[in-house]
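Enquirer: My questions all concern the structure below.
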Amino acid sequence: MNKEINLTIKPGYVKAYQDGYPLISKESIVDWSKVKDEGTVITLLDERKKFIAKGYYGKQNKGYGWVLSSKKEVKLDVRYFTGKIKSAIKYREDFYSDESTTAFRVFNGEGDGVGGLTIDYFDGFYLFTWYSVGIYQFKEDILEALKNSVEYKGIYQKKRFDTKGQYLDDTDDFVCGERANKPLIVKENSVNFAIYLDDGAMVGVFLDQRDVRKTIRDKYAKGKTVLNTFSYTGAFSVFAALGGASKTTSVDLANRSRAKTKEQFSINDINAEAQDIIVEDVFNYFKYALRKKLSFDLVVLDPPSFARSKKHTFSAGKDYVNLLKEAIQITNKGGAIVASTNASNFDMKKFKDFIAKAFKALNGKYSIEETFSLPKDFRINERFREGNYLKVVFIRKLS
Ligand code: SAH
Numbered sequence: 002m003n004k005e006i007n008l009t010i011k012p013g014y015v016k017a018y019q020d021g022y023p024l025i026s027k028e029s030i031v032d033w034s035k036v037k038d039e040g041t042v043i044t045l046l047d048e049r050k051k052f053i054a055k056g057y058y059g060k061q062n063k064g065y066g067w068v069l070s071s072k073k074e075v076k077l078d079v080r081y082f083t084g085k086i087k088s089a090i091k092y093r094e095d096f097y098s099d100e101s102t103t104a105f106r107v108f109n110g111e112g113d114g115v116g117g118l119t120i121d122y123f124d125g126f127y128l129f130t131w132y133s134v135g136i137y138q139f140k141e142d143i144l145e146a147l148k149n150s151v152e153y154k155g156i157y158q159k160k161r162f163d164t165k166g167q168y169l170d171d172t173d174d175f176v177c178g179e180r181a182n183k184p185l186i187v188k189e190n191s192v193n194f195a196i197y198l199d200d201g202a203m204v205g206v207f208l209d210q211r212d213v214r215k216t217i218r219d220k221y222a223k224g225k226t227v228l229n230t231f232s233y234t235g236a237f238s239v240f241a242a243l244g245g246a247s248k249t250t251s252v253d254l255a256n257r258s259r260a261k262t263k264e265q266f267s268i269n270d271i272n273a274e275a276q277d278i279i280v281e282d283v284f285n286y287f288k289y290a291l292r293k294k295l296s297f298d299l300v301v302l303d304p305p306s307f308a309r310s311k312k313h314t315f316s317a318g319k320d321y322v323n324l325l326k327e328a329i330q331i332t333n334k335g336g337a338i339v340a341s342t343n344a345s346n347f348d349m350k351k352f353k354d355f356i357a358k359a360f361k362a363l364n365g366k367y368s369i370e371e372t373f374s375l376p377k378d379f380r381i382n383e384r385f386r387e388g389n390y391l392k393v394v395f396i397r398k399l400s
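For the sequence shown, our numbering gives the first residue as 2, with consecutive numbering after it.
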């Protein structure tokens, strides 16, 4: 059983917690020094010792813990977690019954009432991601709660005890049940994906881009030349090719991306030889493309929010305007740019400002065709808007 302790909220912050703000921030609490162990259950009181909320201590880059309940008597036990997981599953009934999509998020942290934990579904397998040592202390109860709630083939986990986007412990674990095939083939809107549940930090696909991939396939790809930058396993390229792109070019710095992208093409019966897969720094590729006068009808930009390569440091907040400028110059007139970011330190309005700035600097004209944020399964807590990190804008280049 995890320890319990009372902490006092600073007066200016009481109202926010009363209104349901879920993140326990460092600066909102008077007496952090009382807490030693990650996973300690904390009861938040106001200065007159009135009960406000209950949560746990778990350090993440985002804060020092999460509120789990506004009920004084609540016990953070198997029953509690079973209730949360069951209602999360109910919210995703459509996904469970859709045979054309067998990979989706079942539990999205604070959006489903428990910050610091996500659970993803991959064709009968479940994957926990633990975002702090603190939430990991509840593992046995949460595992039991999942077993109470679903039938499963197997369960896996990733420990993402995250400070600066670094994985402190990258031994990704099989937990119980059957082991998944390597790769495990899942479907997304009838497209196949090869998933590796125990091969490092990432499984091969980012589920939050599902609607964007479908839109590219169904509305933007036909007959077009497509450049997919920061392509990882080439998920956008696969959807573009299936949507009838005349050719896709995938660019990623990581050596692994070539084989991974070939694999995604081949399990979808796309001839990988007819596609370009380039292992290179995107910023070098832009220079090369300009020099060779290459241009594309559709350019996808989906960089990490922060990345360091040999020559460049990229930070979305500082460098996205430049990235856009590079992309605009090699996009055909009348073509489109899909600009995406998962940076949580700026919002959609700011992102649109970046787009305006980039076009202005090049004296170009554009229109915004459509925008996307997180899909339904990545459920958002209305009191925690910063949890809605994904921003995707489809831009038409007019001149
Ligand atoms: N767009 C991908 C996900 C991108 S993940 C998808 O939809 O699946 C970020 C990728 O950017 C990683 O694969 C990483 O290797 C790559 N990357 C980071 N910095 C890069 C750079 N400067 N040039 C090319 N690729 C880069």
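We put the beta carbon where it would ideally sit given N, CA and C, even for glycine.
1. Where does G336 fall in DSSP's three states?
2. Per DSSP, which residues does D277 bridge with? Please list them.
3. Can V204 be considered in contact with the ligand SAH, in the sense that its beta carbon sits closer than 7 Å to one or more heavy atoms?
4. Could I get the ranges of all uninterrupted alpha helix (DSSP H) runs contained in the stretch 349 to 386, with 4 residues as the minimum, in chain order?
5. Would you decide whether Q167 is buried or exposed? Buried here means 16 or more other CB atoms lie within 10 Å of its CB.
6. At the level of alpha carbons, what is the spacing between D219 and A246?
7. Secondary structure at F175, three-state DSSP: helix, strand or coil?
8. Just to confirm, does D303 get its C-beta within under 7 Å of one of the non-hydrogen atoms of the ligand SAH?
9. Can you tell me the Cα-Cα spacing of T164 and Q61, whole angstroms?
10. Can you determine whether any heavy atom of the ligand SAH sits closer than 7 Å to the C-beta of L240, and answer yes or no?
11. Determine, using beta carbons only, whether K248 and T216 come nearer to each other than 8 Å.
12. Give the list of continuous alpha helix (DSSP H) stretches no shorter than 4 residues that lie fully inside the stretch 81 to 123.
13. Does the stretch 322 to 335 come into contact with the stretch 289 to 303, if we say contact requires no fewer than three beta-carbon pairs (one atom in each stretch) closer than 8 Å?
14. Is T83 near the ligand SAH, judged by its Cβ being under 7 Å from some heavy atom?
15. Do K154 and Y137 have their C-beta atoms within less than 8 Å of each other?
16. Tell me which residue opens and which closes the alpha helix (DSSP H) that K140 is part of.
17. Nearest CA to the CA of G114: which residue from K85, W131 and D99?
18. Do you know offhand how far L128's Cα is from L399's?
19. Where does G13 fall in DSSP's three states?
20. Going by Cα to Cα distance, which pick from S345, I196 and G336 is closest to Y367?
21. List the whole-angstrom C-beta distance separating V374 from K358, where the pair is believed to meet the contact cut-off of C-beta under 8 Å.
22. Quick one: using the 10 Å Cβ neighbour count with 16 as the cut-off for buried, is R386 buried or exposed?
Expert: In terms of the structure at hand:
1. strand
2. T250
3. no
4. 349 to 362
5. Confidence at Q167 is low in this model, with a pLDDT of 48, below 50, so its placement is unreliable and the value that follows should be read with caution. Flag for Q167 reads exposed.
6. 11 Å
7. strand
8. yes
9. Residue confidence is low: T164 scores 45 on pLDDT, short of 50, so the model does not pin down where it sits. Its coordinate-derived value is still stated next. So the alpha carbons of these two residues sit roughly 6 Å apart.
10. Sequence check: residue 240 is Phe here, not Leu. Checking the Cβ of F240 against the ligand SAH gives no.
11. no
12. 94 to 98
13. yes
14. no
15. no
16. K140 to S150
17. K85
18. 43 Å
19. helix
20. G336
21. For the sequence presented, residue 374 should be read as Ser rather than Val. S374 to K358, Cβ: 21 Å. No contact.
22. exposed
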